[in-house]
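First residue of the sequence shown: 16, per the working numbering; consecutive thereafter. Heads up: the structure comes next, in structure tokens.
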Amino acid sequence: MFGREKEKEERKKVGVIAGFIGKGVAMEGRLIFEETMRVDGSFKGDISAPTGSLVVGDGGYIEGEISASTVIITGTVKGKVEAAERVELRAPGRMTGEIKTPTLIIDEGVLFEGTCTMVKKDGGAFETVEYGEASDTGRFVQ
16 MFGREKEKEE
26 RKKVGVIAGF
36 IGKGVAMEGR
46 LIFEETMRVD
56 GSFKGDISAP
66 TGSLVVGDGG
76 YIEGEISAST
86 VIITGTVKGK
96 VEAAERVELR
106 APGRMTGEIK
116 TPTLIIDEGV
126 LFEGTCTMVK
136 KDGGAFETVE
146 YGEASDTGRF
156 VQ
């Protein structure tokens with residue numbers, strides 16, 4: 016029952032799924048879409064959905080570059096992910112590569128190996144904060 020509740024919650028977040036790559040299907044190339052796409056099969060190549068959402072289901076595999084508004088990963092992704100709104104890594108998901116997004120959610124049990132750059136929703140980078148040397152710690156500054 017818990018799995019069905021999670022699926023309903025996912026549907027509310029990403030809306031109606033307009034495209035689907037099912038289990039056992041392997042594709043290569045470039046995907047461009049505006050709505051929501053779900054991948055439960057295998058895809059190698061670039062994915063572009065400036066206003067859309069990508070859901071990589073449990074068992075789904077993507078290798079390449081992904082650019083979308085929202086990316087939800089429960090399967091496996093190798094490559095670069097850039098999301099204008101958010102990236103969610105859900106168990107038992109695996110992500111290897113780079114993530115660039117303003118919001119990153121990682122569930123317990125997820126394997127993430129790579130780098131993450133947090134950006135503002137307007138596309139700008141957050142201000143870098145410089146910390147002093149270890150000898151500076153513990154001092155009270157007014």
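For each residue, glycine too, the CB sits at the ideal point set by N, CA and C. All of these numbers come straight from a predicted model, not from anything done at the bench.
Asked	Found
Whole beta strand (DSSP E) elements within the segment 23-70, 3-residue minimum	32-36, 41-47 and 51-54
Buried/exposed call for L126, threshold 16 Cβ in 10 Å	exposed
Enclosing beta strand (DSSP E) for K132 [first to last residue]	In the sequence under discussion, the amino acid at residue 132 is Thr, which differs from the Lys named in the question. Note, T132: beta strand (DSSP E), L126 to M133.
Secondary structure of V156, DSSP reduced to three states	Reliability of the predicted coordinates at V156 is poor, the pLDDT of 49 falling under 50, and the value obtained from them is presented with this limitation in mind. Reduced to three states, the DSSP call for V156 is coil.
Cβ pair I62, A33 closer than 8 Å	no
Own chain partners of T118 with C-beta closer than 6 Å, once the 5 adjacent residues on each side are dropped	R101
Proximity below 8 Å, CB of E123 to CB of T111	no
Test item: CB-CB of E103 and I114 under 8 Å	no
For L69 and V31, the rounded distance between their alpha carbons	11 Å
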